[in-house]
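In my numbering, the protein residues as written are 910 to 1399.
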């Protein structure tokens, strides 16, 4: 928890301190920073943020009644009696400035992660690897925006040695603000996909928005990328874009790294996957072409998790963590709910990938299900993908085609572009059963009646479709999850 003096905060944010307590300024200390009036505790600084649908100034009296006595506000009239106010023109900007100051004061290393897909899984793996050697603090939940990132920094314990931060965005310029606050030592970009293309217009604009992360790197900064992503490969190959001292990549083959001329690279060998996890060799190659091979197993399935693990190993290498220690720590990783978690019931295998969806994540999910299913029947329950703008029709068609190409046996789909999914699937395999529904509930009811013993079911859709409820219904129908260790399949 962050601790500050009143003078320290006022100086950090350029605010005017007004003391109505009768206590000397130098005797006033603050423990913790809070933006939610419901969660404030005595000793906290309450920051009255203002948004489109809320105004924290309305809750200052409520906070005072709970024992809160220090307020960061932009309207002095809202300062309760017997309280201290730090008056600033813009409370959000001041909140971010305070986080920026705290980051400098902590003096710890910062690893920042962005990308169209895989940010959260990668950040969790990196945090596991770092925690094997350092006191590590990491973004929780979805706190990856202009409010959540400062909150993460301000919540870090005073003895933190590494902070792992996730950075999200919806528009150009947003990651520029976040990286300016975080000043990362290591920047990670997982990939460039089409998430938010409705808002940004093109993958080139998405690339530009994501690569703003490099603007916060210092002179010793390190950039780690997915070496197989063509947009990232093109970006780092352009000398005018270089804002990093060292470049590292995680790729499927050593050739990809050689093409990029990386300082360090890690690629995968001997990959084996099953419902219970993934085994592979991580081959680390340094700038002297010295190789180190480490075998590891993670409790997650899918090639994308291998790539995320390799990125984590690179982060560990640059942060001074022994790669073997990092790999041991990664054995404790398992996917979060809704992010490709495999749940075994008495009769079914459910791949719960319903937290969110994009074309890239859906294609990866199809591939994952195909790899773990063997001869069993593969069912895909699919909802819509949002924020695709004018590309939505084409991309839903491609998803249908991708499902059919990957070997999905039957598709259950709802959403505005469900017919496009059906058309895409039938274009590849004219006989594939594709059932289109008006809504999720109708889909669930029919699916429950159609499932057969040993079926493998994938549930995937954008978050607002709540396809997690489809997964839950099937799991509940079969008596809940069970723990079964199974033989691995290559």
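For glycine and all other residues, C-beta sits at the position ideal for the given N, C-alpha and C.
Using alpha carbons as the reference points, say which of the options lies closest to residue i.
| i | options | result |
| --- | --- | --- |
| residue 1189 | 1217, 911, 1167 | 1217 |
| residue 1206 | 1200, 1227, 1215, 966 | 1215 |
| residue 1412 | 1357, 1094, 932, 1119 | Since the displayed the chain opens at 910 and closes at 1399, residue 1412 lies outside it and no answer follows. |
| residue 1307 | 1134, 1240, 1337, 1175 | 1337 |
| residue 1044 | 1372, 1060, 1067 | 1067 |
| residue 1452 | 1211, 1371, 1271 | Nothing can be reported for residue 1452: it is not among the residues displayed for the chain, which extend from 910 to 1399. |
| residue 940 | 925, 969, 979 | 979 |
| residue 1103 | 913, 1296, 1356 | 1296 |
| residue 1137 | 1169, 1114, 1107 | 1169 |
| residue 1079 | 1033, 1024, 1032, 1049 | 1024 |
| residue 997 | 926, 1050, 1061, 1252 | 926 |
| residue 1106 | 1323, 1294, 1358 | 1294 |
| residue 1348 | 1278, 989, 1177, 1325 | 1325 |
| residue 1354 | 1371, 1323, 1059 | 1323 |
| residue 953 | 935, 931, 993, 967 | 993 |
| residue 1154 | 1202, 1310, 935, 1095 | 1095 |
| residue 1226 | 1346, 1287, 1042 | 1042 |
According to the neighbour-count rule (16 or more other Cβ atoms, all chains shown, within 10 Å of its Cβ), is residue i buried or exposed?
| i | result |
| --- | --- |
| residue 1005 | buried |
| residue 1199 | exposed |
| residue 961 | exposed |
| residue 1121 | buried |
| residue 1246 | exposed |
| residue 1156 | buried |
| residue 1150 | exposed |
| residue 1224 | buried |
| residue 851 | Outside the modelled stretch of the chain, which goes from 910 to 1399, sits residue 851, for which no answer is possible. |
| residue 1241 | exposed |
| residue 977 | buried |
| residue 1331 | buried |
| residue 1061 | buried |
| residue 1049 | exposed |
Tell me the rounded alpha-carbon separation between residue i and residue j.
| i | j | result |
| --- | --- | --- |
| residue 1303 | residue 1266 | 16 Å |
| residue 1386 | residue 1254 | 9 Å |
| residue 1191 | residue 1235 | 11 Å |
| residue 983 | residue 991 | 18 Å |
| residue 1388 | residue 1086 | 47 Å |
| residue 1209 | residue 1013 | 36 Å |
| residue 1056 | residue 1318 | 43 Å |
| residue 1343 | residue 1281 | 22 Å |
| residue 923 | residue 944 | 19 Å |
| residue 1160 | residue 1037 | 21 Å |
| residue 1128 | residue 920 | 27 Å |
| residue 915 | residue 955 | 13 Å |
| residue 1334 | residue 1341 | 7 Å |
| residue 928 | residue 917 | 14 Å |
| residue 1378 | residue 1315 | 25 Å |
| residue 1229 | residue 1090 | 24 Å |
| residue 973 | residue 1220 | 46 Å |
| residue 1123 | residue 1020 | 12 Å |
| residue 1130 | residue 1145 | 14 Å |
| residue 970 | residue 1030 | 40 Å |
| residue 1300 | residue 975 | 50 Å |
| residue 1187 | residue 1034 | 14 Å |
| residue 1195 | residue 1175 | 9 Å |
| residue 1291 | residue 913 | 49 Å |
| residue 987 | residue 1264 | 39 Å |
| residue 1165 | residue 1133 | 14 Å |
| residue 1081 | residue 1278 | 35 Å |
| residue 1143 | residue 1329 | 32 Å |
| residue 1380 | residue 1372 | 13 Å |
| residue 1285 | residue 1181 | 18 Å |
Going by beta carbon distance, what residues of the same chain come within less than 8 Å of residue i, once the five residues before and after it are set aside?
| i | result |
| --- | --- |
| residue 1065 | 911, 1011, 1015, 1017, 1046, 1072 |
| residue 1411 | Missing from the structure shown is residue 1411; the chain here goes from 910 to 1399 and no further. |
| residue 1000 | 956, 957, 958, 959, 965, 981, 982, 983 |
Can you list, in chain order, the residues of its chain whose CB lies under 7 Å from that of residue i, leaving out five sequence neighbours each side?
| i | result |
| --- | --- |
| residue 1257 | 1360, 1364, 1366, 1383, 1387 |
| residue 1140 | 1101, 1112, 1116 |
| residue 1243 | 1208, 1209 |
| residue 1213 | 1027, 1273 |
| residue 1390 | 1252, 1253, 1254, 1384 |
Give me, in chain order, the residues of the same chain whose beta-carbon lies closer than 6 Å to that of residue i; leave out the 5 immediate sequence neighbours on both sides.
| i | result |
| --- | --- |
| residue 1400 | What is shown of the chain runs 910 to 1399, which leaves residue 1400 out entirely. |
| residue 1289 | 1312, 1317, 1320, 1367 |
| residue 1171 | 1156, 1157, 1158 |
| residue 1007 | 921, 922 |
| residue 1222 | 1175, 1191, 1232, 1235 |
Would you say residue i touches the ligand MG, meaning its beta carbon is less than 6 Å from a heavy atom?
| i | result |
| --- | --- |
| residue 1197 | As for the ligand MG, it is missing from this structure, which has no ligand bound. |
In chain order, each alpha helix (DSSP H) run of at least 4 residues that lies wholly inside the segment 1008 to 1042: Whole alpha helix (DSSP H) segments, 4+ residues: 1028 to 1040.
Which residue spans inside the segment 1236 to 1319 form an unbroken beta strand (DSSP E) run of at least 3? The qualifying runs are 1250 to 1253, 1258 to 1261, 1287 to 1291.
Could you tell me which whole alpha helix (DSSP H) segments of length 4 or greater appear in the segment 1047 to 1077? Qualifying alpha helix (DSSP H) stretches, in chain order: 1057 to 1064.
What ranges does the beta strand (DSSP E) occupy inside the segment 945 to 1012, keeping only unbroken runs of at least 3 residues that lie completely in it? Within the segment 945 to 1012, the runs of beta strand (DSSP E) that reach at least 3 residues and sit entirely inside it are, in chain order, 954 to 956, 979 to 982, 993 to 996.
Please specify which runs of the beta strand (DSSP E), each continuous and at least 3 residues long, are wholly inside the segment 1159 to 1190, giving them in chain order. Whole beta strand (DSSP E) segments, 3+ residues: 1173 to 1183.
Which runs of the alpha helix (DSSP H) spanning at least 4 residues fall entirely within the segment 1345 to 1394, listed in chain order? Counting only runs of 4 or more, we get 1349 to 1359, 1377 to 1386.
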